[in-house]
Amino acid sequence: MWPFKRRALTAEDLPDSVLGTPSAAGVSVNASTAMKSPTTLGCVRILSEVLGSLPVHAYKRGENGSRERDNEHDSAIILSQPNPWTSGTDLRTRLMMDALLHGGGFARVLRARGKPKELHRLDPSAVTVKIDDRTLEPAYHVAQKLGGPIVLKWTDVIHVQVPGSLLDAPIKLIDMARDAIGLDIAMQRYQGRVFSGGARPSGVLKVPAKTPKERKAEIADAWNEAHGGGNVGRTAIIEDSMDWKPISLSMVEADFLQLRKHAAAEINRVFKVPEVINGVTDKAVWRNVEELTQVFLDMALVPWLDVWTSALSRCLLTKEEKATHFFEFKIDAVAKANLAARYTAYRQASGGSWFTPNEIRKLENYPPVDGGDELVLQAGQTPANDQPQTPERPQDDNDQDTQN
Numbered sequence: 001m002w003p004f005k006r007r008a009l010t011a012e013d014l015p016d017s018v019l020g021t022p023s024a025a026g027v028s029v030n031a032s033t034a035m036k037s038p039t040t041l042g043c044v045r046i047l048s049e050v051l052g053s054l055p056v057h058a059y060k061r062g063e064n065g066s067r068e069r070d071n072e073h074d075s076a077i078i079l080s081q082p083n084p085w086t087s088g089t090d091l092r093t094r095l096m097m098d099a100l101l102h103g104g105g106f107a108r109v110l111r112a113r114g115k116p117k118e119l120h121r122l123d124p125s126a127v128t129v130k131i132d133d134r135t136l137e138p139a140y141h142v143a144q145k146l147g148g149p150i151v152l153k154w155t156d157v158i159h160v161q162v163p164g165s166l167l168d169a170p171i172k173l174i175d176m177a178r179d180a181i182g183l184d185i186a187m188q189r190y191q192g193r194v195f196s197g198g199a200r201p202s203g204v205l206k207v208p209a210k211t212p213k214e215r216k217a218e219i220a221d222a223w224n225e226a227h228g229g230g231n232v233g234r235t236a237i238i239e240d241s242m243d244w245k246p247i248s249l250s251m252v253e254a255d256f257l258q259l260r261k262h263a264a265a266e267i268n269r270v271f272k273v274p275e276v277i278n279g280v281t282d283k284a285v286w287r288n289v290e291e292l293t294q295v296f297l298d299m300a301l302v303p304w305l306d307v308w309t310s311a312l313s314r315c316l317l318t319k320e321e322k323a324t325h326f327f328e329f330k331i332d333a334v335a336k337a338n339l340a341a342r343y344t345a346y347r348q349a350s351g352g353s354w355f356t357p358n359e360i361r362k363l364e365n366y367p368p369v370d371g372g373d374e375l376v377l378q379a380g381q382t383p384a385n386d387q388p389q390t391p392e393r394p395q396d397d398n399d400q401d402t403q404n
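Quick note: the sequence shown, position 9, residue 9 per full-length UniProt numbering, numbers continuous.
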């Protein structure tokens, strides 16, 4: 009907959020297709599952830098059980995946009489962050499946995003690494097509030139039946006139494998995940695995933990509580890799009298103990605040005569 006409939709008519932005390799990359890259899938799973498994608690500040876990705080329950059907581990893992794939993870805070009671994940594709030009406060516009859109205050939305992002302009790692991810997907597909088609034989069975065509077919069928499928690796017996020549990797195939390693290294670099943690162990030894685990904790996880604790404090602490309370993740499980080295350093620090027992216990999230604020002194050492006293010189007879 004029002025309208029917026409077919093309890929160019659909938004990038549906099909993804094409990469240099010709593969469209978005939050969904990126997970078809084995390296990307590994990075996302490692970061989200490790962070999701770390327990987080509310602590109350005490005197002299001490702190005590506050199990009576309003957030204590919802941190372990955000809602009746979702555990704290599941919610943290899901929000972390949203932040890695979409640039932001969102959870709505439901309150009763002003106190937080439940947390519910929001679909990141349905959330738009807008900044008020007058107050500069962010507002979260959420599109709902049932009913019209709603606007939530920043105090009612836990917003987790890539470190360094702006509230209304998030850093999207998938977009930043689009070409490397697209290349990884393209090579994965190519490799699958090569093996599924069976175009590359493992070797060549050489027979005399005068062998009839029918005889060659019979030899090939007999060989495949004897050494194919579940019989791979069995000892082969051939006649004197035959010769078996295995096919080695060509230069092109060797370059292909090297290119796959390069693409995987690029993706690991974007997510700051050491290759050995993401399954590349060809250069790994016990010592550097331990060190790389510590690097992963310091360089990859700690910035995310800071983002998380800040997001929780914004929504789950009142203005008054922010001066007395804070949130912290327990990283003992991740830090166990260098447990022996850490305890050795503590023992040296305590024996060298520059750390008190309570200072060490504070680093390990343990409460202080009585008498733990004093330095452990070794034989011959004196407290720093004790000043040595100069002994008085005894008076001799000449001094007494002078006084008289």
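C-beta: ideal position from N, C-alpha, C; glycine also.
Note that this is a predicted model, so its numbers are computed, not measured.
In this structure, what does DSSP give as the bridge partners for Asp243? Asp243 is bridged to Lys206.
On a CA-only basis, which of Pro368, Thr155, Leu305, Leu91 is nearest Ser66? Give me that one, please. That would be Pro368, whose Cα lies nearest to the Cα of Ser66.
Quick one, which of Gly104, Tyr343, Lys117, Leu183 has its alpha-carbon nearest Asp168's? The residue with the shortest Cα to Cα distance from Asp168 is Gly104.
Suppose you measure from the CA of Leu166 to the CA of Ala99; what does that come to, to the nearest Å? The straight-line gap separating the alpha-carbon atoms of Leu166 and Ala99 is approximately 13 Å.
Taking only three categories from DSSP, how would you classify Tyr366? Three-state result, Tyr366: coil.
Minimum C-alpha distance to Val204 - residue among Asp179, Ile171, Met242: For Val204, the nearest C-alpha among the options comes from Met242.
Please determine, among Gly164, Lys130, Val50, the residue with the shortest C-alpha to C-alpha distance to Ile150. Ranking Gly164, Lys130, Val50 by Cα distance to Ile150 puts Lys130 first.
Between Leu54 and Lys330, which are expected to be in contact by the criterion C-beta below 8 Å, what is the C-beta distance as a whole number of angstroms? Between the beta-carbon of Leu54 and that of Lys330 there is about 6 Å, and that keeps the pair under the 8 Å contact cut.
Burial state of Asp16 (16 or more Cβ within 10 Å): With a pLDDT of only 45 at Asp16, under the threshold of 50, the placement of this residue in the model should not be trusted; the figure read from the coordinates follows. Burial is judged here by how many other beta carbons sit within 10 angstroms of a residue's own beta carbon; Asp16 has fewer than 16 and is exposed.
In the DSSP output, what is Ala112 paired with across the bridge? According to DSSP, Ala112 bridges with Lys115.
Of all the beta strand (DSSP E) runs that stay within the bounds of the segment 122-178, which reach a length of 3 or more residues? Listed in chain order, the beta strand (DSSP E) runs fully inside the segment 122-178 are 127-131, 138-142, 150-153, 157-161, counting runs of at least 3 residues.
Could you name each continuous alpha helix (DSSP H) segment of 4 residues or more that falls completely within the segment 50-96, going from the start of the chain to the end? Listed in chain order, they are 75-80.
Same chain, Cβ closer than 6 Å to Asp70, neighbours up to 5 away in sequence not counted: Short of 6 Å from the beta carbon of Asp70, and not among the five residues preceding or following it, lie these beta carbons of its own chain, in chain order: Ala58, Lys60.
Own chain partners of Arg94 with C-beta closer than 7 Å, once the 5 adjacent residues on each side are dropped: Arg121.
Cβ-Cβ distance between Ile46 and Ala107 below 9 Å: In this structure, Ala107 does not lie closer than 9 Å to Ile46 by Cβ.
Euclidean distance between Cα positions of residue 405 and Lys172: Missing from the structure shown is residue 405; the chain here goes from 1 to 404 and no further.
Specify, as a first and last residue, the run of the beta strand (DSSP E) that Phe329 falls within. Phe329 -> beta strand (DSSP E) spans 325-329.
Local Cβ density within 10 Å of Pro212, reported as buried at 16 or more and exposed below that: Label assigned to Pro212: exposed.
How would you call Trp304, buried or exposed, if buried means at least 16 neighbouring beta carbons within 10 angstroms? With 16 or more other Cβ atoms from the protein chains shown falling within 10 Å of its own Cβ, Trp304 counts as buried.
Simplified DSSP state of Arg193, which is helix, strand or coil: For Arg193, the three-state secondary structure derived from DSSP is helix.
How many angstroms separate the CA atom of Lys145 from the CA atom of Thr86? In this structure, the CA atom of Lys145 is about 20 Å from the CA atom of Thr86.
Could you spell out where the alpha helix (DSSP H) holding Ala31 opens and where it closes? Membership of Ala31 in any alpha helix (DSSP H) is not indicated, and neither H nor E is assigned to it by DSSP.
Tell me, which residues are paired with Gly105 by DSSP? Val160.
So which of Ala263, Val142, Lys115, Asp373 has the shortest CA-CA distance to Asp123? Measuring from the Cα of Asp123, the nearest candidate turns out to be Val142.
Given a cut-off of 9 Å on the beta-carbon distance, is the pair Gly182 and Val27 in contact? For Gly182 and Val27, yes; Cβs fall inside 9 Å.
Where DSSP assigns a beta bridge to His120, which residues make up the other side? According to DSSP, which records beta bridges pairwise, His120 is partnered with Arg108.
Ala199, buried or exposed, once every other Cβ within 10 Å from all chains shown has been counted against 16: Confidence at Ala199 is low in this model, with a pLDDT of 48, below 50, so the placement of that residue should be treated as unreliable; the coordinate-derived value is given next. The residue is exposed, with fewer than 16 neighbouring Cβ atoms inside 10 Å.
CB of Pro116 within 9 Å of CB of Asp74, strictly: Yes, these two residues count as a Cβ contact at 9 Å.
Quick one: what does DSSP say Leu317 is sitting in, helix, strand or coil? Residue state, collapsed to three classes: coil.
Spatial neighbours of Gly62 in its chain, beta-carbon cut-off 8 Å, leaving aside the 5 residues before and after: Cβ-Cβ distances below 8 Å link Gly62 to Glu68 in the same chain, with the five nearest sequence neighbours on each side left out; the list follows chain order.
Taking a contact to mean a Cβ-Cβ separation below 9 Å, would you say Val270 touches Ala177 in this structure? Taking 9 Å as the Cβ cut-off, Val270 and Ala177 qualify as a contacting pair.
If the criterion is Cβ atoms closer than 9 Å, does the pair Ala263 and Ile174 meet it? Cβ distance not < 9 Å, so Ala263 and Ile174 don't count as in contact.
Could you give the distance in angstroms between the alpha-carbon of Lys319 and the alpha-carbon of Ser310? The C-alpha of Lys319 lies about 13 Å from the C-alpha of Ser310.
Residue range of the alpha helix (DSSP H) that Ser350 falls in? Start and end: 339-351.
Between the alpha carbons of Val276 and Leu292, how many angstroms are there, rounded? In this structure, the straight-line span from the alpha carbon of Val276 to that of Leu292 is close to 8 Å.
I'd like to know whether the C-beta atoms of Phe355 and Tyr346 end up nearer to each other than 9 Å. Yes, they are a contact pair.
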